[in-house]
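Undergrad: I'd like to ask some things about the structure below.
There are 2 protein chains.
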Amino acid sequence: MAQVDVYRDTYARHVSDERSGEAVRVAGWVDRRRDHGAIIFIDLRDASGIVQAVIDPEEFPEAHKLKLEYVVSLHGVVRARPEGTQNAEMPTGMVEIAVDELTVLSASETLPFMLDDRVDVDERTRLEYRFLDLRTPRMAANLRARSAAFRAMREVLDGLGFMDVDTPTLIRSTPEGARDVLVPSRLRKGSFYALPQSPQLFKQLLMVAGVDRYYQIARCYRDEDFRSDRQLEFIQLDLEGAFWGREEVFETLEQVISAVVERVRGMKVPTPFRRLTYSDVMDRYGTDKPDLRFGMEIHDISSLVGGSAFDVFASTVAGGGVVRGINVGAVGLSRSAMDALTDRARALGAKGLMSLVVEENGLRSSIAKFLSDGEQRSIIEALDGTPGDLLLLVADTSKLAGSVLGQLRLELGQPKDHEELAFLWVIDFPVFDVNDDGSLSPAHHPFTAPIDVDEMRTSPETAISKSYDLVLNGSELGSGSVRIHDPIVQQQVFDILGIGPEDAERRFGWFVKGLRFGTPPHAGFAVGIDRLLAILQGERSIREVIPFPKTQTGTDPMSGSPTPVDDEQLQELGIALRPEVKAGD
Amino acid sequence: MAQVDVYRDTYARHVSDERSGEAVRVAGWVDRRRDHGAIIFIDLRDASGIVQAVIDPEEFPEAHKLKLEYVVSLHGVVRARPEGTQNAEMPTGMVEIAVDELTVLSASETLPFMLDDRVDVDERTRLEYRFLDLRTPRMAANLRARSAAFRAMREVLDGLGFMDVDTPTLIRSTPEGARDVLVPSRLRKGSFYALPQSPQLFKQLLMVAGVDRYYQIARCYRDEDFRSDRQLEFIQLDLEGAFWGREEVFETLEQVISAVVERVRGMKVPTPFRRLTYSDVMDRYGTDKPDLRFGMEIHDISSLVGGSAFDVFASTVAGGGVVRGINVGAVGLSRSAMDALTDRARALGAKGLMSLVVEENGLRSSIAKFLSDGEQRSIIEALDGTPGDLLLLVADTSKLAGSVLGQLRLELGQPKDHEELAFLWVIDFPVFDVNDDGSLSPAHHPFTAPIDVDEMRTSPETAISKSYDLVLNGSELGSGSVRIHDPIVQQQVFDILGIGPEDAERRFGWFVKGLRFGTPPHAGFAVGIDRLLAILQGERSIREVIPFPKTQTGTDPMSGSPTPVDDEQLQELGIALRPEVKAGD
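These protein sequence lines are chains A and B, in that order. Residues in the first sequence are numbered from 677 upward in steps of one, following this note's numbering. Residues in the second sequence are numbered from 677 upward in steps of one, following this note's numbering.
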């Protein structure tokens, strides 16, 4: 390939009207090529945009051989395009470059797929050729959005006096929460580091260390099974403040998130964000991450129908269950669509689904005959029904009725795109989740402060914590809490979780020791950046906003990783494959 | 511990003269405490600084129990200190807070060491209590400098339109360079990821992908033996540009480094930085990372003494060796100091060291009698000697004479601190290093472009590459190069390295494939941030500027990591400890 001293002196996008008559040098990829024999048009693409170049093949016969995605450097004079060939929709659409120097910098083989957002390519192929996939306008925009989001976050936090502190990533394994990614140590054979699931303990120790405001765009790792849209490694905006409470966290994050949305989407987000308690969202939306872009709230009508002649209602309520419903609106579903809804409710775990259509004088339904006129009227009123509306009722345990109706609500009402952004703080989570066997586990993590320590000890099942989640359009963006800063309270939480002093010492001793030397009250949060960006960019999967993601099975089709390694390398680490495992299974 | 709604409304440092008469609330640590019985003085420290508070123990008897590093929130009125008790050296030294509310937020046990820069604590204890160590003024300043450096780097690069792209950290293992840190895959048992030694291949693929300017403050990993001041994980400022050559890299980095130095040290760095070729620095300083803060350059006097009657000189030069020397200046060393120097030179591999003192009429030395008057004069002239100067000569191979004199030069001349900053670009490195067995290995890495492809093929041993290093005060801060963007040249380099097409395909195929679809010329660099900060902060070890470093054996005395893990966890990963390894050895 030919050599050239300076590859370009301007970006394609800047070759505008005003530069007519000027000589410019641009460099980039052949995005389109029209060879008319006596004249060749090239759309030259660089990171900034596209500009048209006109080449005389008499002067540059090699131009006949240019193919898509060849890399060239062009010199020439900017001139107005001939009347009728202008393209007002392109920033450079009024001009073209009359090429007087052409240097081919690099050739391209035939592409495995067209670099066009309109062409549907299977994801595995896209990931195998990620270096080409990222050239498409959609993916290039996603990369730019990601970088812009980083920058917006940092500008806000730097401006607020936060310190960016990089915490270690080869840390002590903690048998807690999700599965750690383990790293064998070579210098201490038989021992392992873990990659961090989050910088939680380190950022709390930074508070102990006297750092006032901490943030980090932190790489985190979770070795989960990839049921959902997760990655083995992901990044989060991690922050923490000393002498902080919840309000300071909210105020800071609202500034950060607003700045990101403005930078990435060019729109203002109203602040402060809405706030709802955990108990409220569970009742009204059947989920702790409700999508508030639409109504269709869940209403509890147990008190209205508990004394009904309809046995399903009466016996459910008598047995401690609930009757709840949503108003789907005037959707006019066919019988088969209704049957499908009932099947779906059953698949979600409900014993059944009752559908009723509001009419002028009451309800139309197979169960209407069991309901009194008064009951019908009060149901219609509770669900704010107007004629034509479809009401769906579930009679079940509170938990099941909520989760089933919450899921049906999403499937029937959730917008397909993310044009609108509905941010929500969910507050007042319980301290503990009650497991099916009656035992308790931390609802957030065991370092979350309870609102009332005495209440936590006497009624741990119902105690409320100082934790909170940020929700956007039905997705959890992240969570945080006011932390425990008193080592005595910390041990009380461990006790309630069944972690005795010795066990606590073994597992968390190194961290709790830090709390004993003057720990400021502190609070913090972590935002999942991949998820936020996917929503802001209107992408279904976080893989679309991650530069080089892995598949759902944790592989990288581009490099073929993970790969087998030589036994010699394993020997150096003091480990071996188990006999039942073949290298690279 | 007591509860309080708002912990503070101002920072300690902001409690100034002008606020006399105002009520303020501050929160922080008890830095000093003087209990006079009827009155108690507290120096309250927060992240901003220190302010004095005065407590009346009649009102607050609990103040008698306050100990060092207790965390308190104080409310009170700012007032001038009584005449004679002011401290003009403290920003808040003219005032004190007359406390009318005292809340103890957190207690502290007795400290394992005093939080005072003047107290010498052994490093292991400091690392075990890193959360306390970081409270010392020195370490707090190092943390702030680190964060300020990140910010300065990002501001410059964001301003220049660079994109921050986070490349993956669970990547394919590459059997090249230093030892990879391996991570067993659970979903594909028997296979392993590697943690990146650098984002090299990914950043080059970002150039292929059409990213114009890339940067990242990247976490990197090298499983080396910790002879020198290295860490298992470290961070580097990684950057790369498309359609770039060396000059663009230099210009960009000079802006970045200047901004960092200005932010961290408050001083201007002259740009452009000096440039010297590899061949030049090896001749003049005997190292590829010379400290230019002082002279004492190496001079070759082979041609002056090759015909000498002194057999050591004559036979060395006749045998293809060299005679080189440095002028140490008028140091007036004792005989025993001179003997120690000779021992040192022998320990460094020299056969001997000749010392000569310049006198009015010639040289004083045990070898002077073998040298003619003319030879003595020409040696003095070559080494710019004036009476009293000590000259040290080594007669040996070019390589050994250079390395021994280069090392002696450092030991005799290098400043102990880093008040002055001498930046240097070392350019024109060879493409390949010639190993002792005559084989070649890449001087930088195998993706470095040669200046002349034909020369590289015909004379690979002497071919010069487009690579460069940045050196500061005798330390290598980082290196970079113009990369190979032509897959044919890439294979030629592999061929010269003895990596045939099949082997290259197996090891680097996934990357080289990327070069075949239109690769722009590109160049880049990586700066070791830990090293840069250590020098700017005048620290001897990079561990002093890393928030939570590991020891030289890769352990963390604070958390005790790495640790043994349950065999169950290993089973899930398809691995086992080798029989000869005991967990946690």
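All C-beta atoms, glycine included, are put in the ideal place defined by N, C-alpha and C. For clarity, every value in this text was computed on a predicted model and none was experimentally measured.
1) Could you work out which residue in 734(A), 771(A), 718(A) and 769(A) is closest to residue 749(A) when comparing CA atoms only?
2) Would residue 835(A) be called buried (16 or more neighbouring beta carbons within 10 Å of its own) or exposed?
3) Taking buried to mean at least 16 other C-beta atoms within 10 Å of its own C-beta, is residue 682(B) buried or exposed?
4) For residue 1163(B), does the three-state DSSP call read helix, strand or coil?
5) Quick test of the definition: if touching needs 3 or more C-beta pairs under 8 Å, does the stretch 1107-1125 of chain B touch the stretch 1147-1163 of chain B?
6) In three-state terms, what does DSSP make of residue 975(B)?
7) Bridge partners for residue 1126(B) per DSSP, in chain order?
8) Going along chain A in order, which residues have a C-beta closer than 8 Å to the C-beta of residue 811(B)?
9) Considering only residues of the same chain and omitting the five flanking positions on each side of residue 1167(B), which have a CB-CB separation below 8 Å?
10) Looking at the strands, I want to know which residues DSSP matches up with residue 912(B).
11) Using a Cβ-Cβ cutoff of less than 7 Å, which residues in the same chain neighbour residue 1015(B) once the five nearest sequence positions on both sides are dropped?
12) Report the start-end ranges of each beta strand (DSSP E) in the stretch 716-776 of chain B that is 3 residues or longer and not cut off at the edges.
13) Closer than 7 Å to a non-hydrogen atom of the ligand FMN - does that hold for the CB of residue 1177(A)?
14) So for residue 920(A), helix, strand or coil by DSSP?
15) Flag this pair as touching only if the stretch 1090-1097 of chain A and the stretch 966-975 of chain A have three or more C-beta atom pairs under 8 Å; answer yes or no.
16) I'd like to know if residue 629(B) contacts chain A, where contact means its C-beta is closer than 8 Å to some C-beta of that chain.
17) State the start and end residues of the unbroken beta strand (DSSP E) segment that holds residue 1005(B).
18) Considering only residues of the stretch 805-866 of chain A, which uninterrupted alpha helix (DSSP H) runs meet the minimum length of 4 residues and lie entirely inside it, listed in chain order?
19) In or out: residue 854(A) buried (at least 16 other Cβ within 10 Å) or exposed?
20) Per DSSP, residue 1198(B) forms a beta bridge with which residues?
21) Strictly below 9 Å CB to CB, what residues from chain B border residue 1133(A)?
22) Got a sec? Which residues, its chain only, sit under 7 Å from residue 1063(B) by beta carbon, not counting five neighbours each side?
23) Would you call the stretch 741-756 of chain B and the stretch 717-732 of chain B in contact, with 3 or more CB pairs under 8 Å?
24) Residue 1236(A) to residue 790(B), Cα distance in whole Å?
25) Below 8 Å CB to CB, which residues in the same chain sit around residue 1117(A) once its five sequence neighbours on both sides are set aside?
26) With distances taken Cα to Cα, identify the nearest neighbour of residue 863(B) among 859(A), 1253(A) and 900(A).
27) Per DSSP, residue 1106(A) is paired with what?
28) Of all the CB atoms in chain B, is at least one closer than 8 Å to the CB of residue 1005(A)?
29) Can you tell me whether residue 1150(B) is buried or exposed? The criterion is at least 16 other CB atoms within 10 Å of its CB, across all chains shown.
30) Any contact between the stretch 1219-1234 of chain A and the stretch 902-922 of chain A? By contact I mean 3 or more CB pairs, one from each, below 8 Å.
31) In whole angstroms, what is the alpha-carbon distance linking residue 810(A) and residue 810(B)?
32) Give the single residue among 933(A), 777(A) and 837(A) whose Cα lies nearest to the Cα of residue 889(A).
33) I'd like to know whether the C-beta of residue 1203(A) is nearer than 8 Å to at least one C-beta of chain B.
34) Below 8 Å on the Cβ atoms is my guess for residue 696(B) versus residue 775(B); work out the distance and round it to an integer in Å.
35) Alpha carbon to alpha carbon, how far is residue 981(A) from residue 701(B)? Give it in angstroms, no decimals.
36) Kindly list, in the order they appear in chain A, the residues whose Cβ is closer than 8 Å to that of residue 746(B).
TA: Looking at the coordinates:
1) In terms of CA proximity to residue 749(A), 718(A) leads the group 734(A), 771(A), 718(A) and 769(A).
2) Exposed, by the Cβ-count rule.
3) With fewer than 16 other CB atoms across the displayed protein chains lying within 10 angstroms of its CB, residue 682(B) is exposed.
4) Residue state, collapsed to three classes: helix.
5) By the Cβ test, the stretch 1107-1125 of chain B is in contact with the stretch 1147-1163 of chain B, since at least three Cβ pairs between them sit closer than 8 Å.
6) Strand, per DSSP.
7) Assignment of beta-bridge partners to residue 1126(B) by DSSP yields 1141(B).
8) What residue 811(B) touches in chain A: 885 and 886.
9) Once the five neighbours on either side are set aside, the close Cβ partners of residue 1167(B) are 1177, 1180 and 1188.
10) BP columns for residue 912(B) point to 894(B) and 1204(B).
11) Taken in chain order, the list of residues that qualify is empty.
12) Here the runs fully enclosed are 716-721, 726-731 and 747-756.
13) The model depicted lacks the ligand FMN and carries no ligand whatsoever.
14) In this structure, DSSP gives residue 920(A) a state outside helix and strand, which the three-state scheme calls coil.
15) Taking 8 Å as the limit for Cβ pairs, the verdict is that the stretch 966-975 of chain A does touch the stretch 1090-1097 of chain A.
16) An answer regarding residue 629(B) cannot be provided, because it is not within the stretch 677 to 1261 covered by chain B.
17) Residue 1005(B) -> beta strand (DSSP E) spans 998-1005.
18) If one requires a minimum length of 4 residues, the alpha helix (DSSP H) runs lying completely within the stretch 805-866 of chain A are 806-809 and 813-835, in chain order.
19) Residue 854(A) should be labelled exposed.
20) Partner(s): 918(B).
21) Within chain B, no residue has its beta carbon less than 9 Å from that of residue 1133(A); the closest one is some 16 Å off.
22) Residues 1034, 1035 and 1036 of the same chain have their beta carbon placed closer than 7 Å to that of residue 1063(B), with the five preceding and five following residues left out of the count.
23) Segments in contact, yes.
24) Straight-line Cα distance between these residues: approximately 53 Å.
25) Around residue 1117(A): 1108, 1109, 1111 and 1173.
26) Of the listed residues, the one whose Cα sits closest to residue 863(B) is 900(A).
27) Secondary-structure assignment with DSSP links residue 1106(A) through a beta bridge to 1140(A).
28) With 8 Å as the cut-off, residue 1005(A) does not count as an interface residue toward chain B.
29) Looking at its Cβ environment, which holds 16 or more other Cβ atoms inside 10 Å, residue 1150(B) is buried.
30) Pairwise C-beta distances place the stretch 1219-1234 of chain A in contact with the stretch 902-922 of chain A, as three or more of them are shorter than 8 Å.
31) It is roughly 42 Å from the alpha-carbon of residue 810(A) to the alpha-carbon of residue 810(B).
32) Of the listed residues, the one whose Cα sits closest to residue 889(A) is 837(A).
33) So no, residue 1203(A) is outside the interface.
34) Rounded, the Cβ-Cβ distance is 16 Å, inconsistent with contact.
35) For residue 701(B) and residue 981(A), the distance between alpha carbons rounds to 56 Å.
36) By Cβ distance, chain A contributes 1194.
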